[in-house]
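Numbering (the numbering used here), first residue to last: 35 to 145.
Notes for the one structure printed next.
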């Protein structure tokens with residue numbers, strides 16, 4: 035999903051044969067480092083997503099033209115894991131941040 039002004043994008047994927055949360059999170063962080071110039075990375079706030087155990091990091095990175103903040107979360111269900119990534123441009127309006135939070139809070143992940 036992407037906001038109309040492209041200031042926010044959310045991706046949710048359920049990789050087949052996904053490893054546990056820690057490995058999924060490391061793999062996603064490695065991919066971000068490959069695609070962007072990562073300036074800072076730190077732990078997320080430890081909240082659950084969709085009521086499921088979640089491991090997360092928050093990354094500040096730069097693409098060629100844009101500074102980004104990215105939430106990367108690995109969510110573990112009973113039989114499946116999901117990778118949730120939320121990208122915000124540094125100048126994203128406050129309304130976009132609120133919309134992103136609403137979208138995350140509305141996730142229903144099954145499996």
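Using N, Cα and C, we set each Cβ at its ideal position, and we do this for glycine too.
Source: prediction; values computed, not measured.
Cβ shell of residue 95 (< 7 Å), same chain only, five flanking positions each side left out: Closer than 7 Å at the Cβ level, and outside the excluded window around residue 95, lie 66, 70, 71, 72, 73, 102 and 104.
Out of 131, 109 and 98, point me to the one whose CA is closest to residue 80's CA. 109
Does the count of Cβ pairs from the stretch 36 to 52 and the stretch 78 to 92 closer than 8 Å reach three? Judged by Cβ distances under 8 Å, the stretch 36 to 52 makes no contact with the stretch 78 to 92, as fewer than three pairs qualify.
Name the residue from 89, 40 and 42 whose alpha carbon lies nearest to the alpha carbon of residue 60. Nearest option by C-alpha distance: 89.
Between residue 46 and residue 100, what straight-line distance do the alpha-carbon atoms span, to the nearest angstrom? 22 Å
Would residue 41 and residue 123 be called neighbours here (beta carbons separated by less than 8 Å)? Contact: yes.
If I'm right that residue 44 touches residue 120 with Cβ under 8 Å, what's the distance once you round it to whole angstroms? 5 Å
Distance, Cα to Cα, residue 93 vs residue 131? Going by the C-alpha atoms only, they are around 15 Å apart.
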